[in-house]
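Working notes, structure below.
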């Protein structure tokens, strides 16, 4: 059977046709005209749905559409919609609305326009990296073993933050006719901004950078203690290991798991944090009033995250971002992600494709990548993003979409 983006199936095994979604930012929709953009991408490109960034971290974009009122867009991030205060009445953390929004609420107009066209709407949320949230509520921030507070990344062990995410999901689903909410930055627990823009941080190696991002915030420590883990001993061990690496300029290796092999106390602490990560995903997916999609990388513990989902879970898609249009290694990595989705039979495996790269033959690369992913069994692709695509890329996207749908029988 064919399933649209806004359907609500059971978790039994089903056959899924190929769906195509276009990622949009609200400023691009506003500048060019919401109706004009939706008509163009639905009629010209042939998309099956629209994804709009509803809450993000700080960002800066080069804009290529002729309608763009400015060539550069900078945002400190935050909520890109006016929150329903009633949804957050019981949350200790309150929404942080983007300064760009002011008194407007363009997401409401986008939702109405999508309903008129029968076009399913997705909302993208940067979860742990929602702009300025950690700065306004330092207690929710990730904290390193040395006590360094993340400027923009929240800890999943903090219950107040998780309650805010639940309220955010409920707000979008009930007030904006959102069919699916895409969760970004929820897959890699130890990928934070603690070492962003820090000179020579790469000298720690991948394992060292991840260990530096293991959170020893008050919420994480308390959660570990309640589970019988010696959190203070784990913190001291992390301090010693990182100090040795920093002082000697010796990288700690390619893998955090390999590094922890000789340190059972620290390994137990990290394992507990991963358990908290899986628990949060279960909580959000069980309580969600709409479908959820999880953005992932091959390095994410996808099998562990999916294994704990209940039969009532609303998580229905895993989305892998390819690194570059036409990159064979990226589509090869997609195979590994798809295999992780296969056992459940109820979780779609989709890909997010960068729609333009200045150092590539972008038109042919875009067509080629859509075709490759369709042939490899992808259940859909999202084109990232409308504001960076000229009419040439839109034409190329149309070609790739047509081929993919023909090859998949839609």
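In this note's numbering, the protein residues as written are 430 to 839. For every residue, glycine included, the Cβ atom is placed at its ideal position computed from N, Cα and C. This one's a predicted model, so the numbers in the text were calculated from it and none came from an experiment.
Query raised in the report: According to DSSP, which residues form a beta bridge with residue 811?
Result: 450 and 781
Query raised in the report: Distance, Cα to Cα, residue 565 vs residue 803?
Result: 43 angstroms
Query - Buried versus exposed call for residue 587 [16 or more other C-beta atoms within 10 Å across all chains shown] - result: buried
Query raised in the report: In or out: residue 652 buried (at least 16 other Cβ within 10 Å) or exposed?
Result: buried
Requested in this report: Give the secondary structure of residue 502 by DSSP, where H, G and I count as helix, E and B as strand, and everything else as coil.
Outcome: strand
Query raised in the report: In this structure, what does DSSP give as the bridge partners for residue 748?
Result: 724 and 779
Query raised in the report: Under the rule that 16 or more other beta-carbon atoms within 10 Å means buried, what is residue 673, buried or exposed?
Result: exposed
Query raised in the report: Mapping DSSP to helix, strand and coil, what is residue 582?
Result: strand
**Report entry** Between the CA atoms of residue 659 and residue 466 - distance to the nearest angstrom
**Finding:** 55 angstroms
Query raised in the report: When the Cα of residue 571 is compared with those of 621, 594, 491 and 657, which residue comes out closest?
Result: 621
**Report entry** N- and C-terminal bounds of the beta strand (DSSP E) containing residue 554
**Finding:** 550-554
Query - Beta-carbon gap between residue 725 and residue 748 smaller than 8 angstroms - result: yes
**Report entry** Top-ranked residue by Cα proximity to residue 798, from 832, 585, 691 and 768
**Finding:** 832
Query raised in the report: What is the DSSP secondary structure of residue 559, counted as helix, strand or coil?
Result: coil
Query raised in the report: Between residue 683 and residue 634, is the Cβ-Cβ spacing less than 8 angstroms?
Result: yes
Query raised in the report: Does DSSP classify residue 827 as helix, strand or coil?
Result: helix
Requested in this report: With DSSP collapsed to three states, give me the class of residue 530.
Outcome: coil
Report task. Closer than 7 angstroms by C-beta to residue 594: which residues in its own chain qualify, once you throw out the five before and the five after it? Chain order, please. Result -> 556 and 713
Query raised in the report: When DSSP labels each residue in this structure, what does residue 638 get in the three-state scheme?
Result: helix
Requested in this report: Please look up how many angstroms separate the CB atoms of residue 507 and residue 559, rounded, as I've assumed it's under 8 angstroms.
Outcome: 7 angstroms
Query raised in the report: Got a sec? Which residues, its chain only, sit under 8 angstroms from residue 828 by beta carbon, not counting five neighbours each side?
Result: 796
Query raised in the report: Would DSSP call residue 736 helix, strand or coil?
Result: helix
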